[in-house]
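Heads up: the structure comes next, in structure tokens.
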Amino acid sequence: MAELGEPGFRAKQVIDWTFAKRAVSIEAMSNLSKGLRQTLAERYVTRTMTISTVTGSKDTTRKFLLKLHDGRFVETVLIPANPALYGEASDRHTLCVSSQVGCAYDCKFCASGLAGFARNLTAAEIVEQIVQVEAYSGERMDNLVFMGMGEPLANYSHVTKAIEILNSEWGIGIGARHMTVSTSGLAPQIKRLADFPLQIRLAISLHGASDEVRDKIMPVNKKHNLDELFEALAYWRSKRKQHITFEYILIQGVNDGLDQAHRLAKRAKGLDAKVNLIPYNTVEGLQWVRPTEEVQDAFRDVLLNAGVKATLRREKGHDIAAACGQLRLRQETEDGIIESPIPEKRITIGAGA
Ligand code: SAH
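My numbering numbers the first residue of the sequence shown as 47 and each following residue consecutively.
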């Protein structure tokens, strides 16, 4: 507004239209003069993406395929409140947002990196995922996890800028404690984030409690091994009161041995961290298998017996390929079409995109 020679309060008006009133166009900002609206419309837009396809139903997990302005796609997953099924703690609408188109980190079990990395999302595109889903569902999101496609800490500046907008009173107004950044283990950026002023939560995709195991399935470990990662986590802990969460996928014959459970228990105790065990979700084209329930339980019991807070997570959205590790690029498919195993629940918005 200063650049345009406009008074400062105009900026407040635009912010109010953008966030509080959720104006879908600049034309709709009716307390601005026609001339100013025209000038703004030549330079800016209020929406950059469209909802291409929604999979799932109202009471369960819904996956949104969003078409970006450059024709690429990302996925966002809405996990609704369902205390009856998932306990009091999940009495919230959680949105699992993407931070990049594709992913460069090539974790061997994950679908998101299968087609490689395309580009970072901008802060605006990250924030707009929430705006789009709220408009579509008529629900307010009160919990955000950066656990969609991409490695959020590899897109540090846009992700932290988005978090500031999402957190601010004038923006989306979600409490910092209700936002979780999940990382595959970018140690230097974890330290940087420890100094970020907002009290967001941190989750680490660990998936192996020794370098030997982790090296096999997560190439990032060759760059930042467990010692380096845990040094960064100790720094995080020195700056923050909140507990770190370890995500640990159980993959048959790869990382589900009890030796790993004992090592994991030791590492978790050292940081007073919680552990989320996630039975591996099938990814088309990948050979990994989920261990039996007995193996899952035995692994969890080692943690519990060692006094570690551990949960075996009941995944949502597995049937619509919206669960952890199942989000992937869809550029290879036709506009607005995704292969859904439950097509009868598929809703197509408008004429695609
Ligand atoms: N890149 C970040 C953000 C993605 S979070 C990170 O790695 O943390 C997505 C989560 O799903 C990660 O914990 C990831 O390891 C997990 N995941 C990937 N593939 C999976 C699969 N097939 N089954 C279950 N979880 C998976």
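Glycine is no exception: its CB is placed at the ideal position from the N, C-alpha and C atoms.
> When every heavy atom of the ligand SAH is checked, does at least one fall within less than 7 Å of the C-beta of Y151?
Replying inline: Residue mapping note: residue 151 aligns to position 105 of the sequence shown, counting from 1. Answer for Y151: yes, Cβ within range of the ligand SAH.
> So, are the CB atoms of D305 and L296 less than 8 Å apart?
Replying inline: Within the sequence shown, numbered from 1, the residue matching residue 305 stands at position 259. Within the sequence shown, numbered from 1, the residue matching residue 296 stands at position 250. No, the pair does not count as a contact, with Cβ atoms beyond the cut-off.
>> Among the candidates R283, M195, A280, E258, whose CA atom is the shortest distance from the CA of N271?
In response: Position 225 of the sequence shown, counting from 1, holds the residue named residue 271. The residue with the shortest Cα to Cα distance from N271 is E258.
> For H224, which residues from the same chain have a beta carbon less than 7 Å from its beta carbon, with the 5 sequence-adjacent residues on both sides left out?
Replying inline: By 1-based counting over the sequence shown, the position of residue 224 is 178. Once the five neighbours on either side are set aside, the close Cβ partners of H224 are D188, N189, L190.
> If you run the structure through DSSP and keep just helix, strand and coil, what is R72?
Replying inline: Here residue 72 refers to the residue found at position 26 when the sequence shown is read from its first residue. Correcting the residue type first, residue 72 is Ile in the shown sequence and not Arg. Looking at I72 - three-state DSSP - the assignment turns out to be coil, as it is neither helix nor strand.
>> Quick check: the Cα distance between L167 and I211, rounded to an integer number of angstroms?
In response: For the purposes of this step, residue 167 is taken as the residue at position 121 of the sequence shown. For the purposes of this step, residue 211 is taken as the residue at position 165 of the sequence shown. Approximately 15 Å, taken between the alpha carbons.
>> Given 7 Å as the limit, tell me if M225 has its C-beta closer than that to any heavy atom belonging to the ligand SAH.
In response: Numbered from 1 along the sequence shown, position 179 holds the residue referred to as residue 225. No, since every heavy atom of the ligand SAH falls outside the 7 Å radius drawn around the Cβ of M225.
>> Along the chain, where does the beta strand (DSSP E) containing E293 start, and where does it finish?
In response: Here residue 293 corresponds to residue number 247 of the sequence shown, with the count starting at 1. Its beta strand (DSSP E) spans residues 291–296.
>> Please tell me whether, using a cut-off of 7 Å, the distance from the CB of H253 to the nearest non-hydrogen atom of the ligand SAH is below it.
In response: Here residue 253 corresponds to residue number 207 of the sequence shown, with the count starting at 1. Checking the Cβ of H253 against the ligand SAH gives yes.
> Where does A399 fall in DSSP's three states?
Replying inline: Start at 1 with the first residue of the sequence shown, and residue 399 comes out as number 353. Annotation note: pLDDT 27 at A399 (below 50); position unreliable, no value reported.
> How would you label Q377, buried or exposed, when you count the other beta carbons within 10 angstroms and need 16 or more for buried?
Replying inline: The residue labelled residue 377 in the question sits at position 331 within the sequence shown. For Q377, the predicted structure reports a pLDDT of 41, less than 50, and the residue's modelled location is therefore unreliable. A value from the coordinates is still provided. Burial call: exposed.
>> Spatial neighbours of R56 within its chain, please: C-beta separation below 6 Å, excluding the five flanking residues on both sides.
In response: As a working note, residue 56 is residue 10 in the sequence shown. For R56, where only same-chain residues beyond five positions count, the Cβ hits under 6 Å are M47.
> For F65, which residues from the same chain have a beta carbon less than 7 Å from its beta carbon, with the 5 sequence-adjacent residues on both sides left out?
Replying inline: Your numbering for residue 65 matches position 19 in the sequence shown. W216, G217, I218.
> Terminal residues of the continuous alpha helix (DSSP H) containing Q59?
Replying inline: In the sequence shown, the residue the question calls residue 59 occupies position 13. Counting along the chain, the alpha helix (DSSP H) containing Q59 begins and ends at 54–61.
> Hey, how far is the Cα of P325 from the Cα of P337?
Replying inline: As a working mapping, residue 325 is identified with position 279 in the sequence shown. As a working mapping, residue 337 is identified with position 291 in the sequence shown. Straight-line Cα distance between these residues: approximately 7 Å.
>> Between the alpha carbons of F110 and Q178, how many angstroms are there, rounded?
In response: Here the question's residue 110 lines up with position 64 in the sequence shown. Here the question's residue 178 lines up with position 132 in the sequence shown. C-alpha separation (whole angstroms): 9 Å.
> In this structure, does DSSP put G148 in helix, strand or coil?
Replying inline: Against the sequence shown, residue 148 aligns to sequence position 102. If DSSP states are grouped into helix, strand and coil, G148 belongs with the strands.
>> Any heavy atom of the ligand SAH closer than 7 Å to the beta-carbon of I290?
In response: By 1-based counting over the sequence shown, the position of residue 290 is 244. Not under cutoff, so the answer is no.
> Excluding sequence positions up to five away, which residues of its chain have a Cβ less than 8 Å from the Cβ of L350?
Replying inline: Your numbering for residue 350 matches position 304 in the sequence shown. Correct list, in chain order: A356.
> What residues match up with L190 in a beta bridge as DSSP calls it?
Replying inline: What you label residue 190 is simply residue 144 of the sequence shown in a count that begins at 1. L190 is bridged to L141, M225.
> Of all the options G102, S103, S158, S79, which has the alpha carbon lying nearest to the alpha carbon of C370?
Replying inline: Stepping through the sequence shown from its first residue, residue 370 is reached at position 324. Nearest C-alpha to C370: S158.
> From the DSSP output, which residues share a beta bridge with V120?
Replying inline: Mapped onto the sequence shown, residue 120 falls at position 74. L112.
> Alpha carbon to alpha carbon, what distance is there between F345 and V354?
Replying inline: If you number the sequence shown from 1, residue 354 lands on position 308. If you number the sequence shown from 1, residue 345 lands on position 299. Distance between the alpha carbons of V354 and F345 is about 12 Å.
> Taking just the CA atoms, how far does A69 sit from P53?
Replying inline: Here residue 53 refers to the residue found at position 7 when the sequence shown is read from its first residue. Here residue 69 refers to the residue found at position 23 when the sequence shown is read from its first residue. The straight-line gap from Cα to Cα measures roughly 21 Å.
>> Rounded to whole angstroms, what is the Cα-Cα separation between A181 and R138?
In response: Counting from 1 along the sequence shown, the entry for residue 181 is found at position 135. Counting from 1 along the sequence shown, the entry for residue 138 is found at position 92. About 17 Å.
> Does the ligand SAH have a heavy atom nearer than 7 Å to the CB of A326?
Replying inline: As a first step, residue 326 is located in the sequence shown; it is residue number 280 there, counting from the start. Correcting the residue type first, residue 326 is Tyr in the shown sequence and not Ala. The answer is yes for Y326.
>> Between which residues of its own chain and A397 is the CB-CB distance below 6 Å, once the five residues before and five after are set aside?
In response: Counting from one through the sequence shown, the residue named residue 397 turns up at place 351. Residue placement at A397 is flagged as unreliable, the pLDDT there being 29, under the threshold of 50; the coordinate-derived value follows with that caveat. Same-chain partners within the cutoff: there are none.
>> Using the Cβ count rule (16 or more neighbours within 10 Å means buried), how would you classify S251?
In response: In the sequence shown, the residue the question calls residue 251 occupies position 205. That one is buried.
> Is M193 near the ligand SAH, in the sense that its beta carbon is under 7 Å from a heavy atom of that ligand?
Replying inline: Position 147 of the sequence shown, counted from the first residue, corresponds to residue 193. Flag set: Cβ of M193 near the ligand SAH.
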